[in-house]
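In terms of numbering that gives the first Met the number 0, the sequence shown opens at residue 0 and continues consecutively. Here's the structure, in structure tokens; my notes come after.
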Amino acid sequence: MTSSPGLTQRRTMTDLADVSYSRYPDETIPVFARWFGSWQVSVERRALSVPELTRRYDQAAPGWNHTLDRLGFPDAYEAMLRRVLHEEGSDTPGLDGRVLDCGVGTGVLSRALARVSPTPFELDAIDISPRMLERAGHGLRAAGVDVALRQGDVCALPYGDNAFDLVMTAHVLEHVVDPRVALTEMVRVLKPGGLFIASTTRRSVLGMMIHLKWHTHRLTAHAAERLLHDSGLRNVRCLSFDDSPVCRRLSVPCIGRKAL
Ligand SMILES: C[S@@+](CC[C@H](N)C(=O)[O-])C[C@H]1O[C@@H](n2cnc3c(N)ncnc32)[C@H](O)[C@@H]1O
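Rendered as structure tokens:
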């Protein structure tokens, strides 16, 4: 708990994007902050370190596809991507170009893209968890997707500038202590005019359960939208997992384009 009336930029925590990250030690994430007169009460939580997250996701890998199936994410990702491709029209970059999936997990999002894409694409995928990557490799190759897998951190992507037509990430930004660092990297490797798609766990009762287990950021849709906008993306807008009540309550997808 802290009281510090001088920090006017942290008046409320209704919106993570209003928070001054510089005030937080490197390893903590903001959970709650409110002003009571001249008193500010705030709660921060230690984020899981990358080695600890790696260990936990390695452990979760064998059951990950089953968990996402139960929640309805394969269909929700597919419907969301179908809608994005429809709305962006023939102008959609990436469908016959290079795609990057950041924090690929077992590859559920990329497999959904393969189901809706009218043309094959060249996929790169990165994750910190070797066990997740193993499963992603099997599942994607079985689905006919040509994938190059790398173990690594989304905060230091091992790819060149302006390399990808489409960069996607699902439920990863909320794990990163400062999501702006990961976003800066993801936008760096995206080509000018390229499409960016991110799904994040939203601030909700279900999202609180994720936070309790994984120490994740609790982002509102508005905060996610602002983070994308502040990282240099344009035409940023949030969508909704309309066809799945669970996914809609749990997550929010947002899209944007890198400026030309
Ligand atoms: C909630 S899972 C989502 C997996 C997949 N995108 C999906 O939608 O099923 C988060 C994934 O991000 C990975 N991850 C977490 N932090 C990461 C980081 N800093 N760099 C790369 N991958 C990370 C985890 O290992 C895990 O596979």
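Just so it is clear, CB atoms sit at the ideal spot from N, CA and C, and this is done for glycine as well.
Asked                                                                                                          : Found
Secondary structure of residue 152, DSSP reduced to three states                                               : coil
Buried versus exposed call for residue 244 [16 or more other C-beta atoms within 10 Å across all chains shown] : exposed
Between the CA atoms of residue 81 and residue 74 - distance to the nearest angstrom                           : 10 Å
Backbone CA spacing between residue 23 and residue 158 [nearest angstrom]                                      : Residue confidence for residue 23 is low, a pLDDT of 44 falling below 50, so the modelled location carries little weight; the figure read from the coordinates is stated next. Rounded to whole angstroms, residue 23 to residue 158 spans 29 Å at the Cα level.
DSSP three-state assignment for residue 255, whether helix, strand or coil                                     : strand
Where the beta strand (DSSP E) through residue 107 begins and ends                                             : First-last for residue 107: 107-115, but that is the alpha helix (DSSP H), not the beta strand (DSSP E).
C-alpha distance - residue 72 paired with residue 107, whole-angstrom precision                                : 8 Å
Limits of the alpha helix (DSSP H) - the one that residue 183 falls within                                     : 178-187
First and last residue of the uninterrupted alpha helix (DSSP H) at residue 223                                : 220-229
Contact set for residue 112: own chain, Cβ-Cβ below 6 Å, skip 5 residues either direction                      : 80
Burial state of residue 122, where buried means 16 or more other Cβ atoms lie within 10 Å                      : buried
Alpha helix (DSSP H) segments (min. 4 residues) lying fully within the region 53-97                            : 72-87
The region 160-177 contacting the region 96-105, beta-carbon criterion three pairs below 8 Å                   : yes
Nearest-angstrom Cβ-Cβ length linking residue 43 and residue 30, presumed shorter than 8 Å                     : 6 Å
Reduced DSSP secondary structure (H/G/I, E/B, other) of residue 119                                            : coil
Alpha-carbon spacing of residue 237 relative to residue 253, whole angstroms                                   : 4 Å
Alpha-carbon to alpha-carbon, residue 135 and residue 219                                                      : 29 Å
N-terminal and C-terminal residue of the alpha helix (DSSP H) that residue 133 is part of                      : 129-141
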